[in-house]
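S.K.: Its first residue numbered 0, the sequence shown is counted upward by one per residue in numbering that gives the first Met the number 0.
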Amino acid sequence: MHEYAVVSELIAGLLPQLEPHPGRVEVVYLKKGEMRVLSEWAVKSAFEILTRGTRLEGARLEIEPVEARIRCPRCGYTGKPDYLDDPEFHFIVPVITCPQCGAEVEVVSGRELYIDRVTVESPAPTQNGA
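#1: On a Cα-Cα basis, can you pick out the residue from Glu-25, Arg-35, Val-107 and Ala-41 that is closest to Glu-120?
#2: To the nearest angstrom, report how far apart Glu-47 and Ser-38 are at their CA atoms.
#3: Would you tell me roughly how many angstroms separate the C-alpha atoms of Ala-135 and Trp-40, rounded to the nearest one?
#4: Leaving out five residues on either side along the sequence, give the residues of the same chain with a beta carbon under 8 Å from the beta carbon of Glu-56.
#5: Assuming Gln-99 contacts Tyr-82 (C-beta within less than 8 Å), just tell me the rounded distance between them.
#6: Could you tell me the distance, in whole angstroms, from the CA atom of Val-107 to the CA atom of Gly-78?
#7: Distance, Cα to Cα, Glu-63 vs Val-27?
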């Protein structure tokens, strides 16, 4: 399960960024391109396990999909790729050739995997207003 390693790296990069921001982390928003072969269930499970004992413990992980888009240098096609839906793969596989002319294409979007934003609860004010 490579999701565990991927989530571990994301958390390792996020925790230092949170240090200057006090408060409980409520939600972590993850952008995931639809060409990323990652199980959403496995990513969320790894997040729950790996955040135990950290500031992220109890935070909700929201995975926001990024649509795959391709561009063909030969015919100029820009749009969604075709997909191969073969039961042997257990998931749909993007076809990285132009659906119009068959040439190799450039992937414009759909490979992303990054933390887009984090919602942090504001700390409660103290009795003396500080």
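In this text, a Cβ means the ideal position worked out from N, Cα and C, and glycines have one as well. Since this is a predicted model, take the numbers as computed values, not measurements.
M.R.: Concretely, from the data shown:
#1: By one-based count along the sequence shown, residue 120 stands at place 121. Cα-wise, what sits closest to Glu-120 is Glu-25.
#2: Within the sequence shown, the letter at position 48 stands for residue 47. Within the sequence shown, the letter at position 39 stands for residue 38. When rounded, the distance between both Cα atoms is 14 Å.
#3: Nothing about residue 135 can be reported from this structure: the residues present for the chain run from 0 to 129 only.
#4: Within the sequence shown, the letter at position 57 stands for residue 56. Here the set comprises Thr-50.
#5: What you label residue 99 is simply residue 100 of the sequence shown in a count that begins at 1. What you label residue 82 is simply residue 83 of the sequence shown in a count that begins at 1. The Cβ separation is near 15 Å, so there is no contact.
#6: Reading the sequence shown from its first residue, position 108 is the one you call residue 107. Reading the sequence shown from its first residue, position 79 is the one you call residue 78. C-alpha separation (whole angstroms): 9 Å.
#7: Reading the sequence shown from its first residue, position 64 is the one you call residue 63. Reading the sequence shown from its first residue, position 28 is the one you call residue 27. So the alpha carbons of these two residues sit roughly 10 Å apart.
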